[in-house]
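Undergrad: Just so you know, we're using my numbering here: the sequence shown kicks off at 501 and counts up by one.
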Amino acid sequence: KIIFLLFLLSSCADDNINNSNTDELSEDELIFGASNNLNIVTWNVEHFPKSDLTIQYLKQAILSMKVDILVLQEIENSIYFNQLVDELGGSWVGYRYENSDWGELSYLINSTNITFESPYSILNEYQYDFAYRPPYVLEFEYQNKEFILINVHYKCCGGEDNEDRRLNSSLHLHDYISNNFTNENVIVMGDFNDELIDDNNVFEVFFNNFDQYLFADYSMAEESNPWEYWSFPTYPSHIDHVLISNELFDEYQLATSICNTILIDDFLFNSWTNYDEYVSDHRPVGFSLSLN
């Protein structure tokens with residue numbers, strides 16, 4: 501069973517961010533994954549920034565998670581995104597796909613332990629299938645090991661056309677990885693807008709090639725307590741996923757490698773309602789990979 505390590509101090513942060521000293525967070529307040537692991541979090545930050553407090557809440561959450569890379573969706577404002585990068589300070593670097601009002605794919609990178617090249621988009625010729633959000637690729641190195649990280653945000657909603665667009669996105673993505681990253685350590689993360697267990701499964705191409713690909717968060721779809729794994733409680737459903745290539749299967753089998761939804765709404769807000777009002781309708785999903 502996938503294990504998620506979540507430690508809280510005796511008191512959580514106040515609902516009013518102005519009463520919370522984000523510069524004096526204890527590293528024990530919220531720990532995701534082992535400190536020497538590669539720690540990546542995917543997070544659909546709905547209509548960023550959703551409120552006047554969003555940036556400060558995100559800063560508090562990011563610094564307390566001690567994450568190496570954040571894979572973000574729905575970043576609608578470059579000015580506020582750059583403000584978040586400045587608030588994080590130190591070695592943090594941010595990239596956003598385009599300077600537009602659209603909910604762009606973005607990265608936040610802690611360059612302390614990460615060496616990287618500027619991200620780039622792929623499959624632009626299939627923008628319609630990807631809801632005009634072509635996958636955003638970050639090539640980076642961690643502990644002398646090279647990785648390919650792909651940020652995706654599939655088309656939302658029900659209906660046959662939307663299902664077909666998500667299915668086509670999976671087919672395009674599978675073919676691109678197979679043709680271009682044959683022997684690379686590939687991680688695909690983001691808002692896939694569909695569940696892993698489904699009668700009409702848009703991820704069939706990956707499941708059919710189970711010797712090459714694995715959804716690291718698959719076990720959450722089988723959990724008996726759904727609230728603990730729902731990444732999109734509003735619907736409710738678990739639609740934010742982590743897909744890895746077979747080059748990482750051995751590392752993911754190690755005891756300290758984990759993948760799970762991070763219950764950030766409990767940590768910062770004491771309720772889903774407050775979190776949904778100030779930050780997002782999605783929870784973050786974390787992937788912590790041991791390279792020992």
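Cβ coordinates follow ideal geometry from the N, Cα and C atoms, glycine included.
1) Report buried or exposed for serine 731, applying the criterion of at least 16 other Cβ atoms within 10 angstroms of its Cβ.
2) Classify glutamine 627 as helix, strand or coil using the three-state DSSP reduction.
3) Measuring CB atoms only, is the stretch 678-694 touching the stretch 737-750, in the sense that at least three cross pairs come out at less than 8 Å?
4) Under the assumption that tyrosine 729 contacts asparagine 760 (Cβ atoms under 8 Å), give the Cβ distance between them as a whole number of angstroms.
5) My output table needs one value for histidine 782: the three-state DSSP class, helix, strand or coil.
6) Is the stretch 647-661 close to the stretch 626-633, with three or more CB pairs under 8 Å?
7) Since arginine 596 is in the alpha helix (DSSP H), which residue starts that stretch and which ends it?
8) Does the contact criterion of 3 or more C-beta pairs under 8 Å hold for the stretch 655-674 versus the stretch 589-605?
9) Going residue by residue through the stretch 720-775, where are the continuous alpha helix (DSSP H) segments of at least 4 residues, counting only ones entirely within it?
10) Taking the alpha-carbon positions, what's the phenylalanine 703 to threonine 542 distance?
11) Can you tell me which of Asn644, Ser611 and Leu584 puts its alpha carbon nearest to the alpha carbon of asparagine 792?
12) If you run the structure through DSSP and keep just helix, strand and coil, what is valine 678?
13) Reducing DSSP to helix, strand and coil, say where valine 567 ends up.
14) In this structure, does DSSP put isoleucine 614 in helix, strand or coil?
15) Could you give the distance in angstroms between the alpha-carbon of glutamate 617 and the alpha-carbon of glutamate 639?
16) With 16 other CB atoms within 10 Å as the buried threshold, where does proline 726 fall?
17) Beta-carbon separation of asparagine 685 and phenylalanine 647 under 7 Å?
18) What's the C-alpha gap between leucine 506 and proline 733?
19) So, does the stretch 572-581 touch the stretch 541-557, judging by three or more C-beta pairs under 8 Å?
20) Three-state secondary structure (DSSP) at lysine 645?
TA: Working from what's here:
1) Locating residue 731 in the sequence shown gives position 231, where the first residue counts as 1. So serine 731 counts as buried.
2) Position 127 of the sequence shown, counting from 1, holds the residue named residue 627. In this structure, DSSP gives glutamine 627 a state outside helix and strand, which the three-state scheme calls coil.
3) Verdict: yes, contact present.
4) As a working mapping, residue 729 is identified with position 229 in the sequence shown. As a working mapping, residue 760 is identified with position 260 in the sequence shown. In this structure tyrosine 729 touches asparagine 760 by the C-beta definition: roughly 7 Å separates them, less than 8 Å.
5) On the sequence shown, residue 782 is found 282 positions in, with the first residue counted as 1. Note: histidine 782 maps to coil in three-state DSSP.
6) Touching, yes.
7) One-based indexing of the sequence shown puts residue 596 at position 96. Per DSSP, arginine 596 is not a residue of any alpha helix (DSSP H); the beta strand (DSSP E) it occupies stretches across 592-596.
8) Contact check between the stretch 655-674 and the stretch 589-605: fewer than three CB pairs, one atom from each, fall below 8 Å, which does not count as touching.
9) The qualifying runs are 749-752 and 764-769.
10) Taking the first residue of the sequence shown as 1, we reach residue 703 at position 203. Taking the first residue of the sequence shown as 1, we reach residue 542 at position 42. Taken atom to atom, the span from the alpha-carbon of phenylalanine 703 to that of threonine 542 is near 18 Å.
11) The residue you call residue 792 lines up with position 292 of the sequence shown. It is Asn644.
12) Locating residue 678 in the sequence shown gives position 178, counting from the first residue. It should be noted that the sequence gives serine, not valine, for residue 678. In this structure, DSSP gives serine 678 a helical state, which the three-state scheme calls helix.
13) What you label residue 567 is simply residue 67 of the sequence shown in a count that begins at 1. DSSP places valine 567 in coil when its eight states are reduced to three.
14) By one-based count along the sequence shown, residue 614 stands at place 114. It is coil, neither helix nor strand.
15) As a working note, residue 617 is residue 117 in the sequence shown. As a working note, residue 639 is residue 139 in the sequence shown. Distance between the alpha carbons of glutamate 617 and glutamate 639: 6 Å.
16) Counting from one through the sequence shown, the residue named residue 726 turns up at place 226. Exposed, since its Cβ has fewer than 16 Cβ neighbours within 10 Å.
17) As a first step, residue 685 is located in the sequence shown; it is residue number 185 there, counting from the start. As a first step, residue 647 is located in the sequence shown; it is residue number 147 there, counting from the start. Yes, the Cβ-Cβ distance between asparagine 685 and phenylalanine 647 is below 7 Å.
18) Position 6 of the sequence shown, counted from the first residue, corresponds to residue 506. Position 233 of the sequence shown, counted from the first residue, corresponds to residue 733. Annotation note: pLDDT 33 at leucine 506 (below 50); position unreliable, coordinate value reported separately. Roughly 19 Å between the two C-alpha positions.
19) Taking a contact to require three or more Cβ pairs closer than 8 Å, the stretch 572-581 and the stretch 541-557 qualify as touching.
20) Indexing the sequence shown from 1 puts residue 645 at position 145. Strand, per DSSP.
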